[in-house]
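The block underneath contains the structure these notes are about, expressed in structure tokens.
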Amino acid sequence: MSANKVIKTALVSVYHKDGLDEILTKLHEQGVSFLSTGGTQHFIESLGFPCKAVEDLTGYPSILGGRVKTLHPKVFGGILTRRDMETDQQQCAEYEIPEIDLVIVDLYPFEQTVASGAESEEIIEKIDIGGISLIRAAAKNFKDVVIVASKAQYAPLANIINERGAETSIEDRMWFAKEAFGVSSLYDSAIFNWFDGGEGSAFRCASDHAKSLRYGENPHQRGFFFGDLDDMFEQLQGKEISYNNLLDIDAAVSLMNDFKETTFAILKHNNACGLACRPTLLEAWKDALACDPVSAYGGVLITNMVIDQETAAEINGLFYEVLIAPDYDVEALKILTSKKKRIILIQKEQPSQDKQFRSLLNGVLVQDKDLHTETPEELKSVTDVKPTDAQIEDLLFANIIVKHSKSNAIVLAKNKQLCASGIGQTSRVDSLKQAIEKAGNFNMDLNGAVMASDAYFPFPDCVEIADKVGIKAVVHPGGSIRDQESVDYCNQHGLAMVMTGFRHFKH
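Here it is as structure tokens:
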């Protein structure tokens with residue numbers, strides 16, 4: 013490969029000019045000449061540096077409303093020419109094509125235009141042609157050319173110039189090329205996904221934000237997070253967020269997003285082990301903790317209300333990994349930050365993704381996120397005994413929790429408090445037995461409680477077991493060919509049952 017290269021000519025065509033003036037000044041001091049178009053050319057000249065217009069090089073003006081500016085052999089030839097190939101050099105001399113050693117370019121704001129709700133015509137005009145072509149050409153010829161494909165690479169370029177002037181190494185140029193193809197792949201993925209319109213004709217997902225984690229699910233596994241956590245959270249203190257922390261945080265945020273009244277939840281291994289809705293945050297915390305104070309140890313805590321001093325004092329007695337809230341009182345923070353390893357987060361916004369995907373076998377599985385939350389109108393009463401208004405509130409409460417629990421899942425609840433849940437069992441009966449046992453371990457009174465199931469009951473055994481411990485109302489999706497057997501049992505024993513028509517498996 014080529015040795016170090018000295019930048020002599022730079023082609024610059026950008027929207028984001030913040031921070032560029034210092035780089036251009038340093039390059040000018042190193043004797044680098046500039047080539048540009050339109051607003052960027054005027055910007056360079058406003059700094060007092062000479063700048064040749066691309067139009068003067070090509071002999072063609074910007075045409076077709078700006079669609080064609082740099083697409084010309086004298087531009088791309090100067091980028092793609094191989095300096096160590098004699099035939100390339102002869103052709104450049106024959107056609108008077110100057111070498112271009114540095115390309116600084118950014119792309120039309122396609123994703124931002126889509127997000128703004130613009131019309132199709134405006135969106136299409138923000139599909140960059142010249143810029144993306146410059147990026148690919150310069151990145152392909154990284155042996156001889158430096159490509160700066162976004163504002164994110166301004167700082168690394170500035171560091172090189174400050175340290176070594178206008179000279180770059182092959183390692184520098186290869187790194188910039190790698191970053192450039194990252195920019196182009198993200199851009200093209202966004203364009204494809206817009207044209208695809210959610211049809212799923214192909215899978216394209218890209219992210220600029222990469223975070224290397226300490227390890228994956230276990231210490232012998234590598235782990236990475238792709239996304240911008242700073243958009244969603246402000247981390248006030250604590251250790252680095254781990255792979256498993258992120259899984260729990262995602263589960264916690266998704267769960268809490270379905271509750272509107274004052275709620276506190278405690279999660280462990282992506283499942284709620286304590287949750288309560290109450291008039292005050294302190295009551296919600298105490299009743300959430302009462303569900304299972306053993307599992308709460310080392311858990312992830314989340315609320316949808318500002319944490320006050322009194323609640324913080326109670327929380328402070330428990331060892332936990334992560335605490336998430338929309339904000340904290342000043343005095344509450346003084347208490348909560350006394351133990352420095354705790355991860356304390358302010359949640360700034362709700363997750364916006366409506367798709368889920370996971371790798372498996374030799375491909376990727378994609379689905380819509382389960383964003384459906386049942387309403388009172390969707391509860392179809394199927395028994396002689398109808399649920400009371402209070403029971404309907406509890407049934408909806410329990411159904412939210414079971415939606416966010418590992419299948420097979422059973423949730424027992426009473427007075428908007430999680431009494432116990434049975435999760436991740438291969439048998440629905442085993443899940444129910446697990447929940448009943450846990451409720452007994454923590455003295456949770458099941459008399460008058462309700463039961464929610466993430467899927468239908470294939471046999472009446474679950475409602476029979478629930479009845480014997482005091483459950484009085486049941487919610488499940490329905491859909492079994494033997495639904496009537498469970499309905500008959502409820503009618504014979506005075507239980508209320510409603511069906512929703514929505515299954516909430518979570519594997």
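Residue numbers (my numbering): 13 to 519. Glycine included, C-beta positions come from ideal geometry on N, C-alpha and C. Only a predicted model underlies this, so the values are computations on that prediction, with no experimental measurement involved.
Query                                                                                                                   : Result
Endpoints, alpha helix (DSSP H) assigned at HIS54                                                                       : 50-58
Proximal residues to ASP30 (C-beta, below 6 angstroms), its chain only, five neighbours per side dropped                : none
Extent of the continuous alpha helix (DSSP H) run through CYS303                                                        : 293-303
One or two residues paired with ASN283 in a DSSP bridge                                                                 : LYS280
Residue of LEU301, ILE116, ASP473 minimising C-alpha distance to ASP500                                                 : ASP473
MET13 versus TYR332: straight-line alpha-carbon distance, rounded                                                       : With a pLDDT of only 45 at MET13, under the threshold of 50, the placement of this residue in the model should not be trusted, and no figure is reported.
Own chain partners of ILE203 with C-beta closer than 7 angstroms, once the 5 adjacent residues on each side are dropped : PHE122, ILE139
For ASN256 and GLU326, the rounded distance between their alpha carbons                                                 : 25 angstroms
N-terminal and C-terminal residue of the alpha helix (DSSP H) that CYS502 is part of                                    : 495-505
Nearest residue (CA-CA) to ILE448, options GLY311, GLU361, ILE356, GLY482                                               : GLY482
Beta-carbon gap between GLY142 and THR82 smaller than 8 angstroms                                                       : yes
Sub-8 angstroms separation of ILE56 and SER48 beta-carbons                                                              : yes
6 angstroms Cβ shell around MET317 - same chain, five flanking residues per side excluded                               : THR274, LEU293
Sequence ranges, alpha helix (DSSP H) only - wholly within the segment 172-248, length at least 4                       : 182-208, 241-244
Best match in ALA302, ARG226, ALA485 for proximity to LYS451 [C-alpha to C-alpha]                                       : Reading off the sequence, residue 451 comes out as Ala, not Lys. Answer by Cα proximity: ALA302.
C-beta neighbour in chain B for ALA105, strict 8 angstroms                                                              : Absent here is chain B; the protein component of the structure consists of one chain.
The segment 172-191 touching the segment 338-349, judged by at least three CB pairs closer than 8 angstroms             : no
Buried or exposed (CB count within 10 angstroms, at least 16 for buried), ASN153                                        : buried
Cβ-based neighbour list, ALA464, same chain, cut-off 6 angstroms, excluding 5 preceding and 5 following                 : ALA410, ASN411, VAL414, VAL423, VAL487
Continuous beta strand (DSSP E) stretch holding LEU83: start and end                                                    : Note, LEU83: premise wrong, no beta strand (DSSP E); not H, not E.
Straight-line Cα distance separating THR52 from SER25                                                                   : 6 angstroms
DSSP three-state assignment for ALA337, whether helix, strand or coil                                                   : strand
Contact under 8 angstroms by Cβ, ILE261 with VAL312                                                                     : yes
Under 8 angstroms between C-beta atoms of ALA344 and ILE319                                                             : yes
Same chain only: Cβ atoms within 8 angstroms of ILE91, ignoring 5 sequence neighbours per side                          : LEU23, ILE112, VAL115, LEU146, ALA149, ALA150, ASN153, VAL157
For HIS488, the residue or residues it bridges with in DSSP                                                             : MET511
With 16 other Cβ atoms within 10 Å as the buried cut-off, status of TYR166                                              : buried
DSSP state of MET463 mapped onto helix, strand, coil                                                                    : strand
Pair within 8 angstroms by beta-carbon distance, LYS399 and ALA300                                                      : First, the residue type needs correcting, since residue 399 is Pro and not Lys in the sequence shown. No, Cβ-Cβ distance for PRO399 and ALA300 is not below 8 angstroms.
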